[in-house]
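Note sheet for the following structure.
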Amino acid sequence: MLSYFANPSKFEAFARKGGPIAFGIFLICTLVATVGGLLLAPEDYQQGDSARILYIHAPTAWLSLSAYTFIAMMSLIAFIWRHPVADVTARAAAAPGAAFTALALLSGAIWGAPTWGAAWVWDARLTSMLLLFFIYIGYIAVWAAATDTARAARIARILALVGFINIPIVKFSVDWWNTLHQPASILRIGGPTIHPSMLWPLLVMMVGFTALLAWFVFVGARADLIAQRNQRAEASAPSRPLDNPTAIIDESPA
Amino acid sequence: MSASPRFLRATFARDFAIATRSGGGWFYGLLFFALFATLSGLAIGPERASLAIAAPAIAWLATAFALQLASADCFESDFRDGTLRVLAAENESLAPYYVGKLLSLIATIGVPLICVIPVVFLMFGTPASDVSGAAALIIIGMPALLVIVLFAAAIATGLRAAGLLASLIGAPLAAAPLIFGVLSVKSLFERGVFWSPETMLVAALGLFFGVLLPPFSIAALRYGLE
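Residue numbers (the working numbering), protein chains in the order written: chain U, 1 to 254; chain H, 255 to 480.
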């Protein structure tokens, strides 16, 4: 599979098909989960309806971590095998990942203000999440700051790999330190501690948001590959007789 | 590989000479450290109690920023004038070059900082008996900070606005040593324990980053050239 997708045009064909499918899954899942989370699931016995922001907060937080993990994996693949498409997909996941991180922080702040009494606390989970946001920005900045895309890709790979050390810190911060943020209640040893009636909309929402990320990556990577191809075509094209007016007149519709 | 020690020595000697010659500006980082501490003192106000609370954080932040600034364009001129390309082509490994840079950074900014840190602690109202311990704690944290700022400099080499970009890359990595570094100084002040768990963690982070970051920095320098 790795070598199959090393061919950009094969990946593009796959992304052209996969994109709409991913977007469809996103639409269906978020619709179902919205109904399930807002109408069917019971309200929290302590927090009331405010706990329903969980259905946005947890999926965005989950995706901010998985998008970075994806970037790091693609960077590793690009680093070892010099895979041409891996860099492109890693880059495409960076901006959505940063946006999901910002959304997780924002929804957390909106949730924290009434329930904790503070929109922001200097807690290990929140702080490491904020650092993850800055790592995303640094990664995007490296891509943007290089004059030559191939060089940017090589440097961004290394940065993505080193930045990955923050991911386990974010994930396990709630277990390692005594934080105000609650410990993990889904992916934990001994099974989830959340009631099934609240869990299923959350899981469906997570599937939907993951499909959204996949759609972003498909669209972003395709756009990037097309831009690269156009750039190459421009660089290698023989000089066209643009100063010959008849060439333009001949092609223009009458 | 008998050339490696010579390569290392030559890099160190050249960088040290460039930094310390007239107009070399080796003391800019030190001056920044002093200015940062002064401005923080002014911003906090003359109250001794609040100054004493802020002292560990200010000393650590000033150290981290000074190292960051002093190292930000560490590889930039070598990259721009092609020196790095020649060195990478002529040598099997850039490790001696990296170590030479690291040593020259220690000599031109690390050691001067260590001399000035006790003064800052004194100015912020730390009891004289605690000053040497607090400075020693920052020395324990310096290896981690040094390899982090060199990694950020290596990543940013040759990119636009390299100096500023390097601080953007280095700062999130420096968070862990900073957190535990400040806590280690606080535990020294409040409980009189030098080898607190926080100190151990700072030392461990130094070892962790010391193993992890140099290979990545050298790789960034080399792959950035291709």
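We treat Cβ as the ideally placed atom computed from N, Cα and C, and that holds for glycine.
The structure displayed is predicted, hence computed values, not measured ones.
Whole angstroms is fine: what's the gap from U/Gly222's alpha carbon to U/Ala146's?
-> Within the first sequence, residue 222 of chain U is the residue found at index 222, counting from 1. Within the first sequence, residue 146 of chain U is the residue found at index 146, counting from 1. Before going on, a small fix: residue 222 of chain U reads as Arg here, not Gly. One C-alpha to the other measures close to 21 Å.
How many Å lie between H/Gly295 and H/Leu437 at the Cα?
-> Residue 295 of chain H sits at position 41 when you count from the first residue of the second sequence. Residue 437 of chain H sits at position 183 when you count from the first residue of the second sequence. Rounded to whole angstroms, H/Gly295 to H/Leu437 spans 20 Å at the Cα level.
Indicate whether the contact test is met: 3 or more Cβ pairs, each with one atom in the region 27-41 of chain U and one in the region 201-213 of chain U, closer than 8 Å.
-> yes
Can you say whether U/Tyr68 is buried or exposed, counting buried as having 16 or more other CB atoms within 10 angstroms of its CB?
-> For the purposes of this step, residue 68 of chain U is taken as the residue at position 68 of the first sequence. Under this definition U/Tyr68 is a buried residue.
Candidates H/Met454, H/Arg263, H/Glu452 and H/Ala457, of which the one nearest H/Ala349 by Cα = The count along the second sequence starts at 1 and reaches residue 349 of chain H at position 95. Among H/Met454, H/Arg263, H/Glu452 and H/Ala457, the Cα nearest to that of H/Ala349 is on H/Arg263.
H/Leu432 to H/Leu356 span [Cα, whole Å] | For this step, residue 432 of chain H is matched to residue 178 along the second sequence. For this step, residue 356 of chain H is matched to residue 102 along the second sequence. Between H/Leu432 and H/Leu356, the C-alpha separation is close to 20 Å.
So which of H/Leu404, H/Val465 and H/Gly435 has the shortest CA-CA distance to H/Ala420?
-> For this step, residue 420 of chain H is matched to residue 166 along the second sequence. Checked all of H/Leu404, H/Val465 and H/Gly435; the closest Cα to H/Ala420 is H/Leu404.
Contact list for H/Arg414 against chain U, beta-carbon separation under 9 Å = The residue labelled residue 414 of chain H in the question sits at position 160 within the second sequence. The answer, in chain order, is Ala144, Ala145, Ala146 and Thr147.
Local Cβ density within 10 Å of U/Ala254, reported as buried at 16 or more and exposed below that | Here residue 254 of chain U corresponds to residue number 254 of the first sequence, with the count starting at 1. With a pLDDT of 46 at U/Ala254, under the threshold of 50, the modelled position of this residue cannot be trusted; read the value that follows with caution. Counting Cβ neighbours within 10 Å, U/Ala254 comes out exposed, since fewer than 16 surround it.
Please check the pair U/Leu159 and U/Ile77, which I expect to be a contact at CB under 8 Å, by giving their CB distance rounded to whole angstroms.
-> To locate residue 159 of chain U, count along the first sequence from 1; it is residue 159. To locate residue 77 of chain U, count along the first sequence from 1; it is residue 77. That belief does not hold up - the Cβ atoms of U/Leu159 and U/Ile77 are roughly 15 Å apart, past 8 Å.
Extent of the continuous alpha helix (DSSP H) to which U/Pro183 belongs = In the first sequence, the residue the question calls residue 183 of chain U occupies position 183. No alpha helix (DSSP H) holds U/Pro183; DSSP gives it neither H nor E.
Go through its chain and collect everything with a Cβ distance to U/Ser128's Cβ below 7 Å, but skip five positions before and after it.
-> Position 128 of the first sequence, counting from 1, holds the residue named residue 128 of chain U. Excluding positions up to five away in sequence, the list reads Asn166, Ile169, Val170 and Ser173.
Proximity of U/Pro96 and U/Phe216 at Cβ, strictly below 8 Å | Position 96 of the first sequence holds residue 96 of chain U. Position 216 of the first sequence holds residue 216 of chain U. Against a cut-off of 8 Å, the Cβ pair of U/Phe216 and U/Pro96 comes out as a contact.
Have a look at U/Ser64 and U/Gly163 and give me their C-alpha separation to the nearest angstrom.
-> Taking the first sequence and counting its residues from 1, one reaches residue 64 of chain U at position 64. Taking the first sequence and counting its residues from 1, one reaches residue 163 of chain U at position 163. Using only the alpha carbons, I get a separation of about 13 Å.
Minimum Cβ-Cβ distance from U/Ile158 to chain H less than 8 Å | If you number the first sequence from 1, residue 158 of chain U lands on position 158. Closer than 8 Å: yes.
How many Å lie between H/Ile368 and H/Pro451 at the Cα?
-> The sequence position of residue 368 of chain H within the second sequence is 114, counting from 1. The sequence position of residue 451 of chain H within the second sequence is 197, counting from 1. If you take the alpha carbons of H/Ile368 and H/Pro451, they lie about 23 Å apart.
Which word fits H/Ile371, buried or exposed, when buried means at least 16 other C-beta atoms lie within 10 angstroms of its C-beta?
-> Here residue 371 of chain H refers to the residue found at position 117 of the second sequence. Flag for H/Ile371 reads buried.
Going by the CB atoms, is the gap between H/Ala309 and H/Gly395 shorter than 8 Å?
-> Stepping through the second sequence from its first residue, residue 395 of chain H is reached at position 141. Stepping through the second sequence from its first residue, residue 309 of chain H is reached at position 55. Not in contact: H/Gly395 and H/Ala309 (Cβ atoms no closer than 8 Å).
Spatial distance of H/Ala361 from H/Val353 (CA atoms) | Numbered from its first residue, the second sequence carries residue 361 of chain H at position 107. Numbered from its first residue, the second sequence carries residue 353 of chain H at position 99. For H/Ala361 and H/Val353, the distance between alpha carbons rounds to 12 Å.
Can you list the residues of chain U that H/Ala259 reaches, using a CB-CB cut of under 8 Å?
-> By 1-based counting over the second sequence, the position of residue 259 of chain H is 5. The sequence shown places Pro at residue 259 of chain H, rather than the Ala named in the question. Residues of chain U passing the Cβ test: none, with the nearest at roughly 27 Å.
Taking the CB atoms as reference points, tell me whether U/Ala22 and U/Ala211 lie closer together than 8 Å.
-> Working through the first sequence from its first residue, we reach residue 22 of chain U at position 22. Working through the first sequence from its first residue, we reach residue 211 of chain U at position 211. Going by C-beta atoms, U/Ala22 is nearer than 8 Å to U/Ala211.
Within the 8 Å Cβ cut-off, does U/Arg154 reach chain H?
-> Within the first sequence, numbered from 1, the residue matching residue 154 of chain U stands at position 154. It does; some Cβ of chain H falls within 8 Å.
Neighbourhood of H/Trp280 by C-beta, 6 Å cutoff - its chain only, sequence neighbours within 5 removed = One-based indexing of the second sequence puts residue 280 of chain H at position 26. Hits under 6 Å: Ala273, Thr274 and Thr362.
is_contact[H/Ala310, chain U] using C-beta, thresh 8 Å = Along the second sequence, read from residue 1 onward, the residue named residue 310 of chain H stands at position 56. Per the sequence presented here, residue 310 of chain H reads as Pro, with Ala not at that position. For H/Pro310, the answer is no, since every Cβ of chain U falls outside 8 Å of its Cβ.
Buried or exposed: which applies to U/Pro183, given that a residue is buried once 16 or more other Cβ atoms fall within 10 Å of its Cβ?
-> Translated into the one-based positions of the first sequence, residue 183 of chain U becomes position 183. By the 10 Å Cβ count, U/Pro183 comes out exposed.
So what does DSSP say about U/Trp111, is it helix, strand or coil?
-> Start at 1 with the first residue of the first sequence, and residue 111 of chain U comes out as number 111. In this structure, U/Trp111 counts as helix in the three-state DSSP scheme.
Out of curiosity, what's the CA-to-CA distance linking H/Ala508 and H/Tyr351?
-> Outside the displayed range of chain H (255 to 480) lies residue 508 of chain H, so it cannot be described from this structure.
Whole beta strand (DSSP E) elements within the region 33-101 of chain U, 3-residue minimum = none
Examine chain H for any beta-carbon lying closer than 8 Å to the beta-carbon of U/Arg91, and answer yes or no.
-> For the purposes of this step, residue 91 of chain U is taken as the residue at position 91 of the first sequence. No, because no Cβ of chain H sits closer than 8 Å to the Cβ of U/Arg91.
Kindly indicate the opening and closing residues of the alpha helix (DSSP H) around H/Ile472.
-> Translated into the one-based positions of the second sequence, residue 472 of chain H becomes position 218. First-last of the alpha helix (DSSP H) with H/Ile472: Pro451 to Tyr477.
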